[in-house]
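**Q** Numbers 1 to 332, taken from UniProt numbering, label the letters of the sequence shown in order.
Quick one: this structure, given as structure tokens, is what I'll be asking you about.
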Amino acid sequence: MAENSEPSYDDQQEIEELISSLPKRKGWHSSGLTLYQNFWYSSKFLPGVISFQRHFLARDSDVLIVSKPKSGTTWLKSLAFSALYRAQFNPSEANANHPLLYSNPHALVHFLEQKYRGQPAGQVPDLTGFANPRLFATHVPYDSLPESIHRSHCKVIYICRNPLDVVVSLWHFVAQVDAGDRAGGWSSMEEFFDNFCQGIDGYGPFWDHMLGYWKASQERPEKVLFLKYEDLKEDTAGNLKRISEFMGVPFSEEEERNGVVEEIVKMCSLSSLKELEVNKTGRSISSFEDKSYFRKGEVGDWVNYISPSMAERLKNIMEETLSPFGLTFRIN
Ligand code: PAP
């Protein structure tokens, strides 16, 4: 069977027509937001999302990292990459050639909706060159994933984060995006926050995004591993072992004795990645500088930016939407 089905010219045109007929809202991105299958997408990225949805063919051995933006994607990409390919790329400190030292995690683990975006008219990306097991990423919600991901035995690792820290991280990220690509009129944190609380932000509403994967992880635990950024911070080594086991590459006793887990944790730490030249200067995804993915990486940083009344509003939303399903976050 062909790796990808070829879209026709009509397919492209149909996507454009479909998008132009959907509800639109202002967003931080200059192209604005479009409501598609109950989630808000950056209008600029939506054609790639739809093309990915229609044409991607998952393999049983694939591993997919999923998140809502600013939930720990970059970190999880680096940990999963290092663990999955450790036989090929020795993660020990002595290995000065490890790919993570020379490439941003987003250049090593591609967002599929970005891969499907911006292809020459009528074409889809050729993913046949990626050796098994392939490691990819996406921000697309569970119900909107390509059918082949649901049907195959590929694995999904989802990471989520306390929404209070997510909105603050997102606010800082937006401020760094090229002015030409940023929408005007988003100068106030209050307005930005208000939209986030209404669920009107990229891949929002956050509660539906989280709950889609939360429920799937309970119904199909062999398929979806659900992680929280806060837990990863508290016990990175323990969660790295869970991730590896889930991917089918558990650490052997000998590896544990030799400190392989700790080596990976150290290499993927915020302080290590942030100091690398490649992450200070690169641009793995157009519009975004690689350095914008590395800020403070703290749990509870929101207290420095969100007023008590704003925090109360968001906590109430979490209480109403997430808590009934048993999804809670430690909040300081
Ligand atoms: P993305 O979805 O656009 O890829 P993502 O990586 O999910 O972004 O989120 C960036 C956040 O993860 C930043 O959080 P902050 O703004 O609160 O600081 C960033 O600092 C944090 N981060 C990036 N790399 C790491 C890491 N290695 N360890 C811990 N946190 C990290």
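Idealized CB from N, CA, C, for every residue including glycine.
By the DSSP assignment, the beta strand (DSSP E) with L135 in it spans what residues?
**A** As a position in the sequence shown, residue 135 is number 135, starting the count at 1. Counting along the chain, L135 sits inside the beta strand (DSSP E) bounded by residues 135-138.
**Q** What do you get for N97, buried or exposed, if any count of 16 or more other CB atoms within 10 angstroms of its CB means buried?
**A** Locating residue 97 in the sequence shown gives position 97, counting from the first residue. Result: exposed.
**Q** Measuring only the C-alpha atoms, how far is S31 from A131?
**A** Taking the first residue of the sequence shown as 1, we reach residue 31 at position 31. Taking the first residue of the sequence shown as 1, we reach residue 131 at position 131. The alpha-carbon atoms of S31 and A131 are separated by roughly 35 Å.
**Q** For H110 and D126, what's the separation of their Cα atoms in angstroms?
**A** Taking the first residue of the sequence shown as 1, we reach residue 110 at position 110. Taking the first residue of the sequence shown as 1, we reach residue 126 at position 126. If you take the alpha carbons of H110 and D126, they lie about 13 Å apart.
**Q** Among residues of its own chain, excluding the 5 on either side of Q118, which ones have a beta-carbon nearer than 8 Å to its beta-carbon?
**A** Stepping through the sequence shown from its first residue, residue 118 is reached at position 118. The sequence shown places Gly at residue 118, rather than the Gln named in the question. Counting only Cβ-Cβ distances below 8 Å, and skipping sequence neighbours, we find G48.
**Q** Go ahead and pull the three-state DSSP assignment for G326.
**A** By one-based count along the sequence shown, residue 326 stands at place 326. Coil.
**Q** Look at the alpha carbon of S287 and the alpha carbon of R86, and state the distance between them as a whole number of angstroms.
**A** Working through the sequence shown from its first residue, we reach residue 287 at position 287. Working through the sequence shown from its first residue, we reach residue 86 at position 86. When rounded, the distance between both Cα atoms is 31 Å.
**Q** Under the DSSP definition of a beta bridge, which residues are partnered with C160?
**A** Locating residue 160 in the sequence shown gives position 160, where the first residue counts as 1. Per DSSP, K228.
**Q** In the DSSP assignment, find the unbroken beta strand (DSSP E) run with V49 in it and report its ends.
**A** The residue given as residue 49 occupies position 49 in the sequence shown. No beta strand (DSSP E) contains V49, which is instead part of the alpha helix (DSSP H) from 46-55.
**Q** Please tell me whether, using a cut-off of 8 Å, the distance from the CB of W75 to the nearest non-hydrogen atom of the ligand PAP is below it.
**A** Position 75 of the sequence shown, counted from the first residue, corresponds to residue 75. W75 Cβ: within cutoff of the ligand PAP.
**Q** With a threshold of 8 Å (Cβ to nearest heavy atom), would S82 be considered close to the ligand PAP?
**A** Here residue 82 refers to the residue found at position 82 of the sequence shown. No; taking the cut-off as 8 Å, the Cβ of S82 has no heavy atom of the ligand PAP nearer than that.
**Q** When DSSP labels each residue in this structure, what does L276 get in the three-state scheme?
**A** For the purposes of this step, residue 276 is taken as the residue at position 276 of the sequence shown. Reduced to three states, the DSSP call for L276 is coil.
**Q** Measure the alpha-carbon distance for K315 versus W171 and round it to whole angstroms.
**A** Taking the first residue of the sequence shown as position 1, residue 315 is located at position 315. Taking the first residue of the sequence shown as position 1, residue 171 is located at position 171. Between K315 and W171, the C-alpha separation is close to 18 Å.
**Q** Secondary structure at A2, three-state DSSP: helix, strand or coil?
**A** Against the sequence shown, residue 2 aligns to sequence position 2. Low confidence applies here, because A2 scores a pLDDT of 38, under 50, leaving its location unreliable; read the following figure in that light. Three-state DSSP puts A2 in coil, outside helix and strand.
**Q** Taking the continuous alpha helix (DSSP H) assigned at L240, which residues delimit it?
**A** Residue mapping note: residue 240 aligns to position 240 of the sequence shown, counting from 1. Per DSSP, L240 belongs to the alpha helix (DSSP H) from 236-247.
**Q** Sort out for me which residues DSSP pairs L170 with in a bridge.
**A** Taking the sequence shown and counting its residues from 1, one reaches residue 170 at position 170. Bridge partners of L170: none, in fact.
**Q** Give the range of the beta strand (DSSP E) segment to which W40 is assigned.
**A** Position 40 of the sequence shown, counted from the start, is the residue given in the question as residue 40. Run containing W40: 39-42, per the beta strand (DSSP E) assignment.
**Q** The ligand PAP and F173: does the residue's C-beta get closer than 8 Å to at least one heavy atom of that ligand?
**A** Here residue 173 refers to the residue found at position 173 when the sequence shown is read from its first residue. Result yes, Cβ under 8 Å from the ligand PAP.
**Q** Let me confirm a value: A94 is counted as buried when at least 16 other C-beta atoms fall within 10 Å, else exposed. Which label applies?
**A** The count along the sequence shown starts at 1 and reaches residue 94 at position 94. So A94 ends up on the exposed side.
**Q** Extract the residue ranges of the beta strand (DSSP E) inside the stretch 71-121, only unbroken runs of 3 or more that lie entirely within it.
**A** none
**Q** Here's the rule: buried if 16 or more other CB atoms are within 10 angstroms of the residue's CB, otherwise exposed. What is T236?
**A** The residue labelled residue 236 in the question sits at position 236 within the sequence shown. Buried is the call here.
**Q** Measure the Cβ-Cβ separation of L64 and V124 and say whether it is below 9 Å.
**A** Against the sequence shown, residue 64 aligns to sequence position 64. Against the sequence shown, residue 124 aligns to sequence position 124. Contact: no.
**Q** How would you write the range of the beta strand (DSSP E) that I65 sits in, first residue to last?
**A** The sequence position of residue 65 within the sequence shown is 65, counting from 1. That run of the beta strand (DSSP E) goes 63-67.
**Q** Under a three-way DSSP split, which group does K26 fall into?
**A** What you label residue 26 is simply residue 26 of the sequence shown in a count that begins at 1. Three-state result, K26: coil.
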